[in-house]
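Visitor: One structure follows; several queries about it will come next.
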Amino acid sequence: FRREIKDLESLLSKRGGKRTFDNRQRAHMESEIDELRRAMKNHECHSCNDRESHARFAERSDRLIRENEGLNNRVMNRTHVIAKTFDKICHVLTLLGYIEGEKLLPQGLILSKIYAESDLLLTESIRRGLLNDLNPAEIVSVASAMIFESRSQEEMSPKIPNENVASALASVTRVWAELEELEIEVGVKTQRSPDLGFCYMIYRWANGSSLNQVLKGSDMSVGDFVRSTKQLVDLLGQIGNAAPELNKKCREAVKLIDRGVVTYLLGDL
């Protein structure tokens, strides 16, 4: 009764809102309120000595029920969004020949062994042989573009080690553009654009430069360098496991970058 009375009084007390009432409607609502008040007074609970205490418990119970219903609705909506996103991703993978229904195709098996954020981009790069003609240090440089995230938002032209790396990165970027176009058509986004901000530094490190030489002129900390290199070590292991033709080069690449301060600090990060 109290909640119904409160709701009706709230409607009547609104000023300047979208809902307005003429005199007849207002009189009808006021009559409803009076009837509810009489019904409340005639209710057997009205004579209870603990009426107000019980009423507070009832109000709290109603509020908790409403909050619970709201949370359930939010969970259901979120679950629905996740399910729709999953279906769209499956559609993309079907169009690319990674899956057929619930069956993994050969390319899908490669993708299942890659756990990076840019997993699809990397798998497509492997499928198209974009890493095959690179030496271990060049593979390190190109692979870094798929895991590194620059802290700075400034648009700067990154330095690229050599023509082989530049050509491979250009091809990777074209593949990313194709994937993004396909995902836009389907209505999903899973792949971020390649970030070239670490390519030159990690290439120099892979070729034996000291940490001071590598970081000179940059705003990257030693900790950030080691963390990014650790991610790259993990990624190279995944690439070697997913693509047998690249396994030997990836193992050599890991040896090139897992040295010095990286080896010393790797277990602490």
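Numbering (the numbering used here), first residue to last: 477 to 745.
Glycine is no exception: its CB is placed at the ideal position from the N, C-alpha and C atoms.
In this text the structure is predicted, and so the values were computed from the model without any measurement.
1) Find the nearest neighbour of Arg-680 within the set Gly-584, Lys-692 and Ile-541, judged by alpha-carbon distance.
2) Reducing DSSP to helix, strand and coil, say where Lys-665 ends up.
3) Where does Leu-580 fall in DSSP's three states?
4) Leu-645 to Arg-550, Cα distance in whole Å?
5) How would you label Gln-689, buried or exposed, when you count the other beta carbons within 10 angstroms and need 16 or more for buried?
6) DSSP state of Arg-735, grouped into three classes?
7) Would the segment 572–582 and the segment 696–712 be scored as touching if the rule is three or more Cβ pairs under 8 Å?
8) Return helix, strand or coil for Ile-575, following the three-state DSSP convention.
9) Is Leu-610 helix, strand or coil by DSSP?
10) Could you give the first and the last residue of the continuous alpha helix (DSSP H) run that contains Met-505?
11) Among Arg-603, Arg-604 and Ala-592, which one has its Cα closest to the Cα of Ala-621?
12) Excluding five sequence neighbours on each side, which residues of the same chain lie with their C-beta closer than 7 Å to the C-beta of Thr-739?
13) Is Lys-564 helix, strand or coil when you go by DSSP?
14) Return helix, strand or coil for Ile-602, following the three-state DSSP convention.
15) Count Cβ pairs between the segment 661–676 and the segment 709–721 that sit closer than 8 Å; are there 3 or more?
16) Between the C-alpha atoms of Leu-569 and Val-730, what's the straight-line distance to the nearest angstrom?
17) Pick helix, strand or coil for Ser-762, following the three-state DSSP scheme.
18) What residue range does the alpha helix (DSSP H) around Lys-706 cover?
19) Identify, in the order they occur along the chain, each residue of the same chain with its Cβ nearer than 8 Å to the Cβ of Leu-745, setting aside the five sequence neighbours on each side.
Guide: Quick answer:
1) Counting from one through the sequence shown, the residue named residue 680 turns up at place 204. The option with the nearest alpha carbon to Arg-680 is Lys-692.
2) The sequence position of residue 665 within the sequence shown is 189, counting from 1. DSSP places Lys-665 in coil when its eight states are reduced to three.
3) Within the sequence shown, numbered from 1, the residue matching residue 580 stands at position 104. DSSP places Leu-580 in strand when its eight states are reduced to three.
4) As a first step, residue 645 must be located in the sequence shown, where it is residue number 169. As a first step, residue 550 must be located in the sequence shown, where it is residue number 74. The alpha-carbon separation between Leu-645 and Arg-550 amounts to approximately 42 Å.
5) By one-based count along the sequence shown, residue 689 stands at place 213. Result: exposed.
6) Position 259 of the sequence shown, counted from the start, is the residue given in the question as residue 735. Of the three classes helix, strand and coil, the one that applies to Arg-735 here is coil, per DSSP.
7) no
8) Indexing the sequence shown from 1 puts residue 575 at position 99. Strand at Ile-575.
9) Here residue 610 refers to the residue found at position 134 when the sequence shown is read from its first residue. Correct three-state label for Leu-610: coil.
10) Indexing the sequence shown from 1 puts residue 505 at position 29. Met-505 -> alpha helix (DSSP H) spans 499–518.
11) Residue mapping note: residue 621 aligns to position 145 of the sequence shown, counting from 1. Among Arg-603, Arg-604 and Ala-592, the Cα nearest to that of Ala-621 is on Ala-592.
12) One-based indexing of the sequence shown puts residue 739 at position 263. Excluding sequence neighbours, Thr-739 sits near nothing in its chain.
13) The sequence position of residue 564 within the sequence shown is 88, counting from 1. Lys-564: helix per DSSP, three-state reduction.
14) Locating residue 602 in the sequence shown gives position 126, counting from the first residue. Collapsing the DSSP output to three states places Ile-602 in a helix.
15) no
16) Counting from 1 along the sequence shown, the entry for residue 569 is found at position 93. Counting from 1 along the sequence shown, the entry for residue 730 is found at position 254. Rounded to the nearest angstrom, the two C-alpha atoms are 30 Å apart.
17) The structure shown does not extend to residue 762, since the chain is modelled only from 477 to 745, so the question has no answer here.
18) Walking along the sequence shown from the start, residue 706 turns up at place 230. 698–718 is the span of the alpha helix (DSSP H), which, as asked, contains Lys-706.
19) Within the sequence shown, numbered from 1, the residue matching residue 745 stands at position 269. Since pLDDT at Leu-745 reaches only 47, below the 50 mark, its modelled position is unreliable, and the value read off the structure follows with that caveat. The beta carbon of Leu-745 is closer than 8 Å to those of Gly-699, Val-702, Arg-703 and Lys-706 in its chain, skipping five residues each way along the sequence.
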